[in-house]
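Numbering (the working numbering), first residue to last: 65 to 231.
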């Protein structure tokens, strides 16, 4: 995982030779949920690595629109809950280690975050599925408040992926 120190500043040399400060987003690990699913790793990987197919397994999903393909592609989720939209950009895929990482922006939280899904084969029929969230916490929202929302959601989504494969 990665993150930045609070109020981190990077200094860059601009084209005109001057130094430019650029404040980076401050990410904090908010949630890390691991569940064991009774599904082979290859079948779980087939679902989570298919960026843009979430409507097939994500509850309350009204539509998904995918722009692009592979790293840098952006999916837009529209939920049945009126006005709720999320955008996710695929940033990293590690096929060998079964890792998918994506940047997230939700209009209901007005913040940016990074989601990571990682799989580990336990045996031929069981997979450890870990889903983490790193968030740039907006003012007025605490880690604990957000974790109360995200942890159960991640557990439910992990099992939704497993159930999609079983049916």
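No residue lacks a Cβ here, since even glycine has one placed at the ideal position from N, Cα and C.
These numbers come from a predicted model, not from an experiment.
In this structure, residue 163 sits near residue 183, with a CB-CB distance shorter than 9 Å. Counting along the chain, the unbroken alpha helix (DSSP H) around residue 223 starts and ends at 207-230. If you ignore the 5 residues before and after residue 198, its C-beta comes within less than 7 Å of the C-beta of 65, 67, 91, 92, 93, 94, 177 and 178, all in its own chain and listed in chain order.
Distance between residue 112 and residue 152, taken at the CA atoms: about 13 Å. Beta-bridge annotation (DSSP): residue 156 is paired with 165. Residue environment analysis places residue 133 among the exposed positions, since fewer than 16 neighbouring C-beta atoms fall within 10 angstroms of its C-beta. When the alpha-carbon of residue 227 is set against those of 122, 114, 98 and 208, the nearest one is in 122. Residue 196 counts as buried, since at least 16 other C-beta atoms from the protein chains shown sit within 10 angstroms of its C-beta. In terms of CA proximity to residue 185, 160 leads the group 230, 160, 118 and 117. For residue 99, the enclosing beta strand (DSSP E) starts and ends at 92-101. Residues 94 and 95 of the same chain have their beta carbon placed closer than 8 Å to that of residue 211, with the five preceding and five following residues left out of the count. Taking the Cα of residue 193 as reference, the smallest distance to any Cα among 222, 145 and 170 is reached at 222.
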